[in-house]
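K.L.:
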Amino acid sequence: MIDVFSYVPAIVLLPFFSFLIALGVGKYLPKGGAFGGIAATAGSFLLSLWVLATVAGGEAANRTLYYWASEGGAGIGPTDIELSFGILIDPLSALMLVIVTLVALLVHVFSLGYMNDEGETGLPRYYAGLGLFTASMLGFVVADNLLMAFMFFELVGLCSYLLIGFHFREPGPPSAAKKAFLVTRFGDYFFLIGVVAVIATFGTAQFAGTESFPHLAEAALAGEGSVAWTPAGVELQTWLTVVGLLVLGGVVGKSAQFPLHTWLPDAMEGPTPVSALIHAATMVAAGVYLVARMYGFYALTPTTLAVIAFIGGFTALFAATMGVVKDELKQVLAYSTISQYGYMMLALGAGGYVAAVFHLTTHAFFKALLFLGAGAVIIAMHHNEDMWDMGGLKAKMPVTYYTFLAGSLALAGIFPFAGFWSKDEILYEALVHGLNDPLLLGGYLMGLLAVPVTAFYTFRMVFLTFHGEARSDTARDPEPVRWNVKGPLTVLGTLAVVTGFINMVPVQKVLGLEGIDLLHLWLDNHWGGIEGLSSHHYADIGPYSSGYLVGGEVGTVLVGAAVSLGLALGGLLVAWRLYNVPSPTEHTAKLGGIKDVLYNNYYLDELQVWLAYRTEDVAGGANTFDQGIIDGVVNGVSSVSLFGGSRIRRIQSGVVSQYAALLTLGLVALLLALGLSGGWFL
Amino acid sequence: MIEALIGFTFAAALLVLLAPDEWAGRLAFAFSLLPFAGSLYLWSGFESAGNALTGGDIGYMTQIEWLEVGGRTVSWFVGVDGISLPLVVLTTFLVPLAIVSAWTPIDSRQSQFYGLMLFMEANLLGVFTALDFFLWFVFWEAVLVPMYFLIGVWGGPRRKYAAIKFFVYTNAASLLMFIGFMSLTFALGGSVSSFALPEITGAIADGGLGTWFGISPDRIAMVAFLAMFAGFAVKVPIVPVHTWLPDAHVEAPTPVSVLLAGVLLKMGTYALLRFNFTMLPDQASALAVPIAAIAVISVIYGAMLALAQKDLKRIVAYSSVSSMGYVILGLVVFTEYGVGGATFQMVAHGLISGLMFMAVGVIYNATHTRMVGDMSGMADRMPVAVGILVAGAFGYMGLPLMAGFAGEFFIFVGSFAAPSLPYAPIFTALAMFGIVIVAGYLLSAMQSTLFGPFELETDYDVGPAPFHDVAPLAVLLVAIIVLGVAPDIFFEMIRDAAVPVVEGVTING
Amino acid sequence: MTAVASSIPPEWYLLLAAAVFCIGLFGVLTRNDALYFLMSVELMMNAANINFVAFALYYGDLTGQVFALFVIALAAAEVAIGIGIILVLYRNFGVTDVTVPTEMRW
Amino acid sequence: MVNTLPQVAALLPVFLLAFTGLALLLVDTISPDTRSNTSMAVVGAVGSLAASAASVWLVVSGTGSPDTGGAITLFAEAIKVDTMALFFSAIFASVTALVVVAAHDYFHDHASPAAFYSLTLFAATGMALLAAANSLAVVFVALEMVSLPSYVLVAYLKRNRGSVEAGLKYFLVGALSSAIFLFGISLVYAATGSLLFGGVAEGIGSLDGLAGIAGLGIVMIVGGVAYKTASVPFHFWAPEAYEGAPAPVSAFLSSASKAAGFVVAFRLFTEAFPVGASLAAGIDWVLAFGVLAAVTMTLGNFAAAVQEEVKRMLAYSSIGHAGYVLIGVAALSAGGSANGSVMGAAMAHLLVYGFMNTGAFLFVAMAERWGVGRTFEDYAGLAKRAPVASTAMAVFMFSLAGLPPFAGFFSKYFLFMGAIDNGFLWLAAFGAVNSVVSLYYYSRVVKALFIDDPASSSSLDAIDVRPTGLYAAVVFAAVATVLLLPGFGPVIETAEAAASALF
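Chains as they are written, first to last, in full-length UniProt numbering: chain A, 1 to 682; chain B, 1 to 509; chain C, 1 to 106; chain D, 1 to 503.
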């Protein structure tokens with residue numbers, strides 16, 4: 001029986017090869033190397049499916065493949081560290097592999113329609129970027145230790161830079177790319193400290209196994225072991241919390257959580273398929289995935305969990321409110337992404353490990369769908385993204401409309417679409433755990449408040465785009481899209497409908513049907529996995545206990561579901577009333593002053609720009625200081641010496657009798673000095 | 001073997017000097033390949049075993065007495081260990097590339113230019129292999145002379161000022177260092193009979209320092225340490241004695257900047273490691289906190305200065321100051337990863353800064369300006385060169401799987417939990433913030449020069465760069481990535497040589 | 001004669017010599033004319049001669065006296081050359097004032 | 001084999017020089033026509049080279065060195081030939097050779113070059129004699145033998161106001177100084193009752209109440225030495241003399257004559273006034289020299305840094321170097337372990353200096369021969385038209401600045417090293433600071449030659465001839481300056497041995 005896990009590296013390498021090919025000989029290939037990318041991602045996808053199947057067959061892998069820097073040493077400072085690359089294949093990463101490869105594949109296909117058919121230039125560069133992006137993300141997914149994870153995490157950032165800035169000849173994209181990289185780099189700064197701290201503290205960065213750092217931390221906290229090092233005078237618990245928060249920095253950056261979310265809306269400057277990739281499967285997902293990956297560590301530190309939950313809940317609501325007033329299709333989607341990942345963070349913080357992964361999955365599909373749908377619309381609208389120029393596209397592009405609608409329903413969390421199940425479970429987890437934890441409860445309430453807002457802006461978008469009458473000539477006569485656009489949309493549309501059914505917890509709880517909450521079982525190593533990486537284990541070490549409202553568990557489930565669904569429908573209806581009319585008008589004026597605040601994203605960009613300028617001022621000051629004072633001293637020394645020289649040379653007056661006098665004086669002075677010191681004149 | 005390497009390089013320098021201008025460049029390139037091959041040969045046959053100064057065995061050692069002065073022998077004493085060999089390879093690797101990168105910009109007195117380049121290479125090899133103080137000092141000082149001409153003759157508008165400043169400033173530093181080291185030697189009195197560095201190191205380690213003209217051994221050691229540290233700090237350079245560097249870099253022609261940043265700065269850190277941190281480890285660890293503070297200041301302050309620059313070369317120059325700060329931090333923490341990482345970072349930064357200066361040079365060749373404001377959208381006209389420049393910039397930002405990340409990461413790992421440095425985590429975290437600022441200024445500079453619509457203040461028509469301009473860049477980039485993916489090809493031997501240094505500190509036992 | 005000479009305590013000779021030397025030095029410092037300068041230098045040399053002769057007597061060996069003769073000869077030679085230089089000085093500058101030629105200074 | 005020779009053979013260099021001088025007079029009387037210039041030059045060169053070869057040979061064969069029966073004393077101990085004497089006569093002779101060869105081109109259109117050669121040779125004879133003096137009497141006579149021809153040589157261009165002014169100043173200051181020197185000798189004689197170094201040393205050992213007189217005398221002698229070595233405060237003649245004199249003469253004075261002054265100092269202050277005895281008697285001439293050294297090098301270097309004319313810059317730089325070499329005497333200490341090495345280093349530096357400084361002045365001579373101006377600006381871009389000579393000049397400049405790979409590097413650093421070894425850190429520090437300054441103005445010359453562009457395209461047309469002799473001399477000096485770095489071993493070891501023999 002062949003060992004599938006030995007092919008896991010190929011999953012990562014195939015897209016990497018497509019990157020090399022596209023970069024090297026792309027311009028000689030048809031479609032600028034697109035087919036290479038499609039083939040590679042398809043290959044990776046099939047391999048991932050195979051891996052998934054194997055994992056379902058009860059196997060898992062945690063292997064070190066390559067030592068980056070050899071072990072061993074003097075035993076001074078951190079030593080015997082294993083800095084290595086390896087693969088960790090368990091239910092979680094297997095699932096993620098499938099998601100990433102699938103979305104990447106569809107995006108590649110879609111790009112044929114979006115880039116090639118639109119006659120873009122620089123396609124080899126584009127497909128090279130996609131390939132590298134996919135490869136980096138896959139490398140991150142299979143990483144078996146934190147250092148490797150960090151490395152590919154950073155590479156993902158690089159690729160986002162390259163792809164967001166794809167249209168480098170225009171002023172906007174390069175700036176957006178810079179912002180994306182810088183903001184996430186700022187987060188990664190803390191992440192890197194975290195990595196170093198983990199290695200220094202535990203001497204290892206492994207995720208899984210008895211020698212893994214979550215395991216060591218758990219043992220140390222339980223008093224059954226000790227860590228290699230902690231800073232002098234810091235409690236272990238405190239230190240672990242600090243480390244957790246440091247790593248969280250990277251997560252907040254990449255997953256665009258408050259306050260490092262500002263890069264994401266700008267990132268819409270990139271080509272739409274890239275946006276789909278970034279938002280659904282790769283970059284933004286990376287953050288959440290990281291927390292899930294090392295959940296065994298976070299579960300040990302309640303403070304960190306609470307922070308995660310609160311950030312998540314807040315971001316969910318906060319971003320949703322901003323989505324309400326945007327006029328551009330992709331902008332709305334961007335804010336919805338931020339908000340949705342807020343939900344996932346809330347889930348993780350609330351101990352809803354499975355719920356988070358569930359939402360990660362569903363969201364990957366319906367958000368990819370929405371972006372690709374938006375892409376289709378943009379093709380049709382000749383790259384005009386303003387929703388106020390659209391309208392009435394429903395009739396002209398049915399496939400796009402119905403798939404897009406499915407995605408929207410999922411996003412809004414309408415029964416029975418995928419989003420409903422996952423979002424509902426998140427809220428449920430937050431509720432039951434939050435009843436004993438006020439901070440968490442706050443997160444829950446914010447999450448709950450975000451539900452109607454989400455539904456509202458989602459359908460505002462749908463109605464403005466597809467319903468009513470066409471508000472511009474292009475909308476009246478949109479450009480048709482081809483199979484390579486419709487195909488991916490159909491696939492994703494289906495998924496957006498059905499994905500929810502893999503984890504119908506409410507049904508299971510209410511009807512008591514065992515075994516239909518597949519994802520729970522899956523992540524609980526029901527079909528096998530790796531010791532210590534199961535949701536149950538996380539629940540055991542986690543700080544939370546469940547509390548129930550009226551009617552115990554079932555009651556709480558029903559109440560929670562009812563409330564969130566009701567709110568969602570409420571939001572939907574408002575949007576219907578306001579915008580599902582032949583010629584809708586802006587109602588933002590009703591918001592009064594808040595409108596400007598929302599339009600300007602709570603002035604957070606302004607704040608960051610202000611910070612950037614202040615930094616430049618400081619730099620300028622430092623420069624003046626350097627040129628003036630420090631270098632001034634250096635040059636001062638020389639000019640002083642030269643001045644001294646020009647004074648000294650004046651002694652040489654040219655008059656010989658003065659020489660005689662000076663000479664005599666000098667001699668006499670010497671005589672006196674030595675005479676007095678030697679006591680000759682006594 | 002080593003003397004053959006150095007001797008050949010000197011001979012090559014002479015030949016090129018006499019060669020006609022039109023093919024001096026090609027000839028120099030051909031010649032410079034042999035030292036590279038030679039260093040590869042050294043590398044292939046090298047068995048790393050400990051540190052040359054602390055009694056580890058020395059690769060390819062030769063020791064011939066040269067002359068005797070004041071009862072102590074000065075000898076031709078060369079050899080390599082895990083610390084010096086990578087730097088030798090780096091030098092011989094960079095010089096051919098630098099020579100090729102000179103083909104375009106250097107259009108006058110070529111034979112003299114390439115002759116001096118090779119002459120400098122020979123001396124650099126001497127600096128990294130010499131194990132006798134006077135021999136080492138001869139090479140150390142002799143590097144200044146070709147550099148003076150290379151900046152002064154082929155440099156930019158303010159080249160004369162820059163050349164003299166570099167010349168006088170660094171020479172003053174070496175004199176200070178000389179006095180410090182000499183008093184140390186004489187305080188050893190009869191316990192040493194030569195200026196061989198291993199012998200002196202051993203004697204100091206065995207407490208050979210005696211009272212000298214009424215000064216207690218500890219004080220002498222401390223004074224000597226400070227004098228030498230100050231002396232080498234100029235060469236590194238460390239804030240606040242760094243101001244010669246930007247001027248020198250801005251005025252120097254591209255290939256010279258490449259060697260200046262790539263190798264000459266490493267002379268300073270190499271000497272710091274060899275003299276201050278290997279010979280006087282306890283003084284070093286006694287001063288750990290101030291030195292670490294200086295290192296952190298160098299990192300942040302240098303980065304802030306780079307942020308304020310408008311001249312691409314100045315940006316890279318100041319960021320070199322910043323990067324060297326990491327090296328100092330790595331050295332002072334006296335951990336295996338710290339010292340090893342610092343040495344690794346020397347090589348890594350040598351490659352990356354070389355690449356950056358070369359790439360900026362390629363753009364300058366086409367546009368004849370380096371001012372950020374004068375151009376934009378260069379990517380449109382010279383895609384390949386710009387592509388490599390972008391890659392190099394990310395390498396400079398410490399992108400994983402490129403050499404820079406390896407060096408910095410090792411240093412951080414080594415310094416974060418260093419037992420010998422109080423508040424090590426704080427210092428490390430502060431220093432690490434450099435990776436954010438560096439991203440800040442490099443990305444901004446790239447955005448405004450490389451991207452956006454193509455505009456150029458100077459009226460030159462810019463086309464794709466010629467092959468022999470781009471080829472060295474590509475080679476460097478490959479080297480950087482290889483070193484980033486497999487740092488062990490150097491790091492293993494470096495660690496071998498670094499461990500004895502680390503164990504030299506008393507508190508490390 | 002020798003008795004008289006030797007009956008005088010050596011300090012006196014020293015004082016005499018010192019006095020003559022200082023007179024000469026005074027002349028050198030005050031007079032700007034080359035010839036005066038030359039003469040004053042002669043005085044200073046002869047002051048030395050006094051010492052030599054006197055202490056040769058005092059120690060009773062002839063070295064000093066013989067050396068004095070050498071000195072006289074050398075002084076003469078020096079004067080000869082001095083005169084020569086003063087001549088060309090006069091030819092080029094038209095004066096014998098040593099403070100006049102100041103073309104080279106600083 | 002040396003022992004089979006008559007003892008007098010040890011004075012071979014002196015005799016050779018003297019005979020050459022006389023022979024030159026003869027040649028001049030035989031063929032007083034214009035071609036005599038060449039023949040003179042040849043004779044002079046041959047003679048001085050022979051002398052130099054003789055000294056080297058004698059050193060190698062170990063004449064006068066401790067391991068062959070110690071120094072050879074002649075003429076009632078008035079003369080004493082040892083390794084140091086021969087070492088220095090080698091310096092004098094080789095410098096003389098260089099100067100003579102160079103002079104051939106320099107005086108190509110001079111009315112009567114004959115006297116120049118003989119005078120130079122006689123001066124050289126005096127120096128060689130000085131190196132072997134063992135009695136204050138001989139010292140004074142030999143010193144005058146050096147000075148009197150030098151006065152004439154400086155004023156040799158009779159119709160050149162600069163030359164004459166220089167000669168006058170040199171003469172006046174010289175006369176005054178030698179008078180002071182002589183009076184100092186007389187006082188020492190008065191205090192110790194002997195003119196022989198040995199006797200003086202004994203006398204110093206047993207001064208009863210005469211310490212004051214001896215002290216006065218010694219300080220005055222220090223003055224005399226300071227004059228010959230152009231050290232503060234007796235340096236005033238130097239800038240003018242070097243600037244005004246014909247360049248070959250400047251070379252001769254600044255190298256050979258200075259070395260002569262130092263050889264006197266080394267002898268007197270080791271054999272006549274030993275450190276220990278003098279300090280015991282309360283005569284701290286070490287301090288005196290220390291002060292002089294510090295002041296001299298500072299004044300020389302700082303003044304040199306701000307000159308406009310290359311020749312005058314070199315004049316000041318040679319004052320600065322006098323300061324360095326004075327360390328050789330100033331860093332002595334009673335029973336100091338490194339006395340030998342520091343003084344040896346000083347000697348070695350003088351040897352190297354003899355080549356590099358002479359070479360530098362000879363390059364100036366070449367520039368004067370070409371008729372390009374005297375200032376730094378006038379030298380701009382010379383390398384384009386005269387690469388070889390300019391490279392040689394660069395070698396001299398860097399070597400004077402003490403940079404490898406040139407001999408000046410070792411000699412200077414060993415000097416500092418010796419000072420540090422003897423505990424005179426402060427002197428070494430002074431030296432260090434000053435050599436940084438010197439670096440600045442020496443590199444100014446190189447900058448002018450290689451980096452600066454000529455003032456005008458026609459400004460270099462003056463370089464129309466290739467004076468063979470000057471070229472030969474300059475290139476030879478440059479080669480020597482370079483080769484002395486790898487070959488520094490024998491030099492420093494001989495010098496140290498010679499110096500150590502004095503303690």
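C-beta atoms are modelled at their ideal positions from N, C-alpha and C, and glycine is treated no differently.
Computed from a predicted model, the values in this text were never measured in an experiment.
#1: Nearest to B:G392 by CA position, among A:A10, A:S653 and A:L158, is which residue?
#2: Where do the ends of the alpha helix (DSSP H) carrying C:W12 lie?
#3: What would DSSP say about B:M120, mapped onto helix, strand or coil?
#4: Looking at B:A406 and A:A200, is the spacing between their C-beta atoms short of 7 Å?
#5: Can you grab the Cα-Cα spacing for the pair B:P422 / A:G233, in whole Å?
#6: Are the CB atoms of D:P246 and D:Y156 within a distance shorter than 7 Å?
#7: Let me see if you follow: with CB-CB separation under 7 Å, is A:E120 close to chain B or not?
#8: Let me check understanding here. Comparing Cα to Cα, which of B:F213, B:P198 and B:W212 lies closest to B:D206?
#9: Could you give the DSSP three-state label for D:L485: helix, strand or coil?
#10: A:N635 lies in the alpha helix (DSSP H); which residues open and close that run?
#11: Check whether chain D comes within 7 Å of A:R650, counting only Cβ atoms and requiring the distance to be less than that.
#12: Residues of the stretch 157–168 of chain A in Cβ contact with chain B at a cutoff of 7 Å, in chain order, please.
#13: DSSP on D:N3, reduced to helix/strand/coil?
#14: Does the Cβ of A:K27 have 16 or more other Cβ atoms within 10 Å, making it buried, or fewer, making it exposed?
#15: What does D:K80 pair with, by DSSP beta-bridge criteria?
#16: Between D:L136 and chain E, is there a C-beta pair that is closer than 7 Å?
#17: Is it buried or exposed, D:F75, if we count other Cβ atoms within 10 angstroms and call 16 or more buried?
#18: In chain D, what lies closer than 7 Å to B:E68 by C-beta?
#19: Per DSSP, A:E328 forms a beta bridge with which residues?
#20: For A:L182, I'd like the list of residues in its chain whose CB is within less than 6 Å of its CB, leaving aside the five on either flank, ordered along the chain.
#21: Examine chain C for any beta-carbon lying closer than 7 Å to the beta-carbon of D:Y444, and answer yes or no.
#22: Determine the extent of the beta strand (DSSP E) in which A:R63 is found, giving its start and end residues.
#23: Please state whether the Cβ-Cβ distance between B:L131 and B:G79 is less than 7 Å.
P.N.:
Per the coordinate set shown:
#1: Stepping through the second sequence from its first residue, residue 392 of chain B is reached at position 392. With distances taken between Cα atoms, B:G392 lies closest to A:L158.
#2: Position 12 of the third sequence, counted from the start, is the residue given in the question as residue 12 of chain C. Run containing C:W12: P10 to T30, per the alpha helix (DSSP H) assignment.
#3: Taking the first residue of the second sequence as position 1, residue 120 of chain B is located at position 120. Reduced to three states, the DSSP call for B:M120 is helix.
#4: Residue mapping note: residue 200 of chain A aligns to position 200 of the first sequence, counting from 1. Residue mapping note: residue 406 of chain B aligns to position 406 of the second sequence, counting from 1. No. Outside cutoff.
#5: One-based indexing of the second sequence puts residue 422 of chain B at position 422. One-based indexing of the first sequence puts residue 233 of chain A at position 233. Those two C-alpha atoms are separated by around 12 Å.
#6: Within the fourth sequence, residue 156 of chain D is the residue found at index 156, counting from 1. Within the fourth sequence, residue 246 of chain D is the residue found at index 246, counting from 1. Judged by their CB atoms, D:Y156 and D:P246 are nearer to each other than the 7 Å cut-off.
#7: Position 120 of the first sequence holds residue 120 of chain A. Interface criterion not met: the Cβ of A:E120 is under 7 Å from no Cβ in chain B.
#8: By 1-based counting over the second sequence, the position of residue 206 of chain B is 206. B:D206 has its Cα closest to that of B:P198, out of B:F213, B:P198 and B:W212.
#9: Position 485 of the fourth sequence holds residue 485 of chain D. Three-state DSSP puts D:L485 in coil, outside helix and strand.
#10: On the first sequence, position 635 is the one that residue 635 of chain A refers to. D631 to I648 is the extent of the alpha helix (DSSP H) around A:N635.
#11: Here residue 650 of chain A corresponds to residue number 650 of the first sequence, with the count starting at 1. Answer no: the Cβ-Cβ gap between A:R650 and chain D never drops below 7 Å.
#12: L158, G165 and F168
#13: Position 3 of the fourth sequence, counted from the first residue, corresponds to residue 3 of chain D. Because D:N3 sits at a pLDDT of 48, beneath the cut-off of 50, its placement in the model cannot be relied upon, and the point is left open.
#14: Walking along the first sequence from the start, residue 27 of chain A turns up at place 27. So A:K27 ends up on the exposed side.
#15: The sequence position of residue 80 of chain D within the fourth sequence is 80, counting from 1. According to DSSP, which records beta bridges pairwise, D:K80 is partnered with D:T73.
#16: The structure shown contains no chain E; the protein chains it does contain are A, B, C and D.
#17: Start at 1 with the first residue of the fourth sequence, and residue 75 of chain D comes out as number 75. By the 10 Å Cβ count, D:F75 comes out exposed.
#18: Translated into the one-based positions of the second sequence, residue 68 of chain B becomes position 68. Near B:E68 (Cβ distances below 7 Å), the residues of chain D are E493.
#19: Sequence index remark: in the first sequence, residue 328 of chain A carries index 328 (1-based). A:D386, per the DSSP bridge assignment.
#20: Residue numbering aside, residue 182 of chain A sits at position 182 when the first sequence is read from its first letter. So no residue of the chain qualifies.
#21: Locating residue 444 of chain D in the fourth sequence gives position 444, counting from the first residue. Position check: residue 444 of chain D holds Arg in this sequence, whereas Tyr was assumed. D:R444 does not count as touching chain C.
#22: One-based indexing of the first sequence puts residue 63 of chain A at position 63. A61 to A69 is the span of the beta strand (DSSP E), which, as asked, contains A:R63.
#23: Along the second sequence, read from residue 1 onward, the residue named residue 131 of chain B stands at position 131. Along the second sequence, read from residue 1 onward, the residue named residue 79 of chain B stands at position 79. Contact: yes.
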